[in-house]
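Here our numbering is used: the first residue of the sequence shown is 12, the next is one more, and so on.
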Amino acid sequence: MSLDIINLLNSAACGDPDVMMPAIQRLTAATQSDNCDNVCSEISLCVFSRDDRLTPDGRFLGLIYLKNMMFDSKIWHNISPGVKKKVEVLLFNYILGGAETSNFTNLVESFPRTNGIISELISRYVKNEWLKK
């Protein structure tokens, strides 16, 4: 997993505008480029991992960037099938991954504010990939 993406997501989610704005600009440019396979793959690896270096705010922002990539048909169309499959596997493994405590049944429930974004990711993935077959 790329430490650069983790640092970018954490920086973009921090409260310091001097750190936040350049990180947001870099992430936005990278996720909106025509060739963003690597960025999509790296963001997926980061947000669906249990890596403690990624802050909860960084994870939340990464999920938003990933969702935006999926929702933009021009960008999603340019993502390679291999990366799309990787996102699918990581997304569903994340949901099935179980939490550390018995209070929650999975990671989505462990981080309640991500529930809506995870639901949107699943619905968009199903619409983009499964329903077209």
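Ideal Cβ placement from N, Cα and C applies to all residues, glycine included.
- Taking a cut-off of 8 Å on C-beta distances, the region 58 to 67 does not touch the region 85 to 97, as fewer than three cross pairs fall below it.
- One thing to note: Phe82 has its Cβ no nearer than 8 Å to the Cβ of Ala24.
- Secondary structure at Gln43: coil, using DSSP grouped into helix, strand and coil.
- Only residues of its own chain outside the window of five on either side were considered, and among them Leu19 have a CB closer than 7 Å to the CB of Arg37, listed in chain order.
- Taking C-beta atoms under 8 Å as the contact rule, Ile75 and Ile128 qualify, at a distance of about 6 Å.
- Rounded to the nearest whole angstrom, the C-alpha separation of Asn46 and Leu107 is 30 Å.
- In the displayed model, Leu65 falls within coil according to three-state DSSP, outside both helix and strand.
- Cβ-Cβ distances below 7 Å link Ile54 to Ile16, Gly73, Tyr76 and Leu77 in the same chain, with the five nearest sequence neighbours on each side left out; the list follows chain order.
- Between the alpha carbons of Val58 and Leu102 lies a distance of about 9 Å.
- Counting every other CB atom within 10 Å of its CB across the protein chains shown gives Val50 a total of 16 or more, marking it as buried.
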